[in-house]
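A.B. asks:
2 protein chains.
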Amino acid sequence: MARLLLVEDDVNLAETLVELLELEQFEVTWVGDGEQAFDATFMHAYDLFLFDVNVPFIDGFELLESLRKSGDETPAIFITAMNDIASLSKGFEVGADDYIKKPFEFDELAVRINSLIRKRLKIKENIITLDDYHFHIDTNELYYQDKFIALSPIELKLTTLFFKQLSTTITKENILMELSEGEEASEGALRVHINKLRKHGLPIQTIKGTGYRLATS
Amino acid sequence: MARLLLVEDDVNLAETLVELLELEQFEVTWVGDGEQAFDATFMHAYDLFLFDVNVPFIDGFELLESLRKSGDETPAIFITAMNDIASLSKGFEVGADDYIKKPFEFDELAVRINSLIRKRLKIKENIITLDDYHFHIDTNELYYQDKFIALSPIELKLTTLFFKQLSTTITKENILMELSEGEEASEGALRVHINKLRKHGLPIQTIKGTGYRLATS
DNA sequence: TAAAGGTGTTAAGAGAAGGTTAACCTCTTT
DNA sequence: AAAGAGGTTAACCTTCTCTTAACACCTTTA
């Protein structure tokens, strides 16, 4: 399930959007201004940003610009009331992936969201795709592009864990529970294994003090 | 050698593509619009379709849709422009296997083409080919180049297993299940048999803790 | 500024998993 | 009964995995 961050100060529009997006199986976090949005990005990792341009304190452009500067590459869609080209190009300049003009058809928005998310994240017939990595749930095989990646038993367990809970944080405790049969594995060992998976290229993010997550960006 | 049908009305792009694809050892038929494409599919069987969405007369979606309806299951990749992103979901609906966004890295396209084609090319008329090995499914005979390789009953069972599930990992448990009739065979015995198959030259890869797979190069 | 806690990275050693070989068993053929 | 083929077992060797431990680095706190 994909997690969205919606920044929108028009309460009516926001409530409608949240409702519709949840019907589409998205998990939506809604905030009313740019500052809250900025804070929210520290709390969670999102799969997509949906920013209104004109919101209090920090406008959508500034918000995305500073996020991009800090290395955040989450796909972003702007909602804009202004349909002049100047603001659109500004949007793309600061790192937007798409935009949609108010008023809009919800279906159109849903399609754009899906296509942006699907670029990176695709679940299809027992194959979970993340960027160029394909994990086959049924056979427990990991491929990069079309190359098979051989994994050791523990690497395999970890990889399975991560792909089954794509883009959600898994606590160190949970991982250690899963890994150990009878004996509890140590955190040091876990770090070594995470390190090995990263050497295979898997984009594993550290959530300090908590655990790890397989990132979608 | 794989045969591709390219439908692209942008002459520059098409010529570049044909050139690059031929360097990659593909045989490319290029047509400029959907009608010619449709006709071409009657003349030849192709191993892969590469369709631009916006082409004259019959657009890529319609084209693929009617081909699929007529029972054609050739793998298809769409080439779409940036502003067609919204229509991607339509592409999957009508039966596309993949898509690529203009402008694109050629390497990326080549990888996708290869991964879609390779699987189908390997199986042809009850003969599964891996490198210079040919396994005849119907007669259960293994050849290296043109030389028949005599296999003992168990070697034969194993070989059949591996070729039928080419390049997927088969667990030790599954192999032992298949081998044994009534009695469960031991892992030690399995190792000896794997060893024998390797002496015949078959490229069997070990996945420690899991099982074995017949590897693609 | 130092100290402390959390994480990343690497090397080394113990132990497990798998590879290899040869002897042995079983069944069939002669 | 002897010979032969295929299969299994057991012993030994090799290779890989996993863990530990030491150190580096960064951030936070005193």
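Sequence lines, in order, name chains A and B.
Using our numbering, read the first sequence as starting at 1 and increasing by one per residue.
Using our numbering, read the second sequence as starting at 1001 and increasing by one per residue.
Cβ atoms here follow ideal geometry from the backbone N, Cα and C, with glycine treated the same way.
Everything numeric in this text was worked out from a predicted model, so none of it was measured.
Does A:D146 come within less than 7 Å of chain B when only Cβ atoms are used?
C.D. replies: Residue-level contact by beta carbon holds for A:D146 and chain B, with a gap shorter than 7 Å.
A.B. asks: In chain order, what are the residue ranges of uninterrupted alpha helix (DSSP H) at least 4 long that sit wholly in the region 1173-1203 of chain B?
C.D. replies: The qualifying runs are 1187-1199.
A.B. asks: Which residue or residues does DSSP assign as beta-bridge partners of A:R3?
C.D. replies: A:E27
A.B. asks: Relative to the C-alpha of A:L81, which candidate in A:V53, A:F61, A:A96 and A:D107 has its C-alpha closest?
C.D. replies: Contrary to the premise, residue 81 of chain A reads as Ala rather than Leu in this sequence. With distances taken between Cα atoms, A:A81 lies closest to A:V53.
A.B. asks: Taking C-alpha atoms, which residue in A:A96, A:I175 and A:H136 lies nearest to A:L48?
C.D. replies: Checked all of A:A96, A:I175 and A:H136; the closest Cα to A:L48 is A:A96.
A.B. asks: Would A:I170 pass as a contact of A:G209 if the rule is Cβ separation under 7 Å?
C.D. replies: Taking 7 Å as the Cβ cut-off, A:I170 and A:G209 do not qualify as a contacting pair.
A.B. asks: Does DSSP put B:G1211 in a helix, in a strand, or in coil?
C.D. replies: Here B:G1211 carries a strand assignment [DSSP, helix/strand/coil].
A.B. asks: At the level of alpha carbons, what is the spacing between A:L176 and A:K157?
C.D. replies: 11 Å
A.B. asks: For a cutoff of 7 Å on Cβ pairs, would you count B:T1169 as touching chain A?
C.D. replies: Chain A has a Cβ within less than 7 Å of the Cβ of B:T1169.
A.B. asks: Which chain B residues are close to A:E24, counting only those with a beta carbon under 8 Å from its beta carbon?
C.D. replies: Contact note: A:E24 does not reach chain B at a C-beta cutoff of 8 Å; the least C-beta distance is about 12 Å.
A.B. asks: By Cβ distance, which residues of its chain are closer than 8 Å to B:R1112, with the 5 residues on each side in sequence left out?
C.D. replies: Take B:R1112, set aside five residues on each side of it, and the residues of its chain with a beta-carbon closer than 8 Å to its own are I1077, D1098 and I1100, in chain order.
A.B. asks: Cβ of B:I1207 less than 7 Å from any chain A Cβ?
C.D. replies: Between B:I1207 and chain A, the shortest Cβ-Cβ separation is below 7 Å.
A.B. asks: Give the secondary structure of A:L21 by DSSP, where H, G and I count as helix, E and B as strand, and everything else as coil.
C.D. replies: helix
A.B. asks: Leaving out the 5 sequence neighbours to the left and right, which residues in its chain are closer than 8 Å to B:A1045 when beta-carbon positions are compared?
C.D. replies: R1003 and T1074
A.B. asks: A:T210 touches chain B at which residues, Cβ-Cβ below 7 Å?
C.D. replies: Correct list: empty, because the minimum Cβ distance to chain B is about 29 Å.
A.B. asks: At a CB-CB cut-off below 7 Å, which residues of chain B make contact with A:S152?
C.D. replies: Within 7 Å Cβ-Cβ: K1208 and G1209.
A.B. asks: Just to confirm, is the Cβ distance from B:L1142 to B:T1159 under 7 Å?
C.D. replies: yes
A.B. asks: Could you name the residues of chain B that A:E105 contacts, counting a contact when the two beta carbons are closer than 9 Å?
C.D. replies: Those within 9 Å of A:E105 in chain B number zero; the least Cβ separation is about 11 Å.
A.B. asks: Quick check for students: name the residue ranges of the beta strand (DSSP E) that lie wholly in the region 1120-1175 of chain B, counting only runs of 3 or more.
C.D. replies: 1127-1130, 1133-1136, 1141-1144 and 1147-1149
A.B. asks: Do A:F57 and A:D33 have their beta-carbon atoms positioned less than 7 Å apart in this structure?
C.D. replies: yes
A.B. asks: Buried or exposed for A:R191, please, with buried defined as at least 16 other CB atoms from any protein chain shown within 10 angstroms of its CB.
C.D. replies: exposed
A.B. asks: Whose Cβ in chain B lies nearer than 7 Å to the Cβ of A:E141?
C.D. replies: By Cβ distance, chain B contributes T1168 and T1169.
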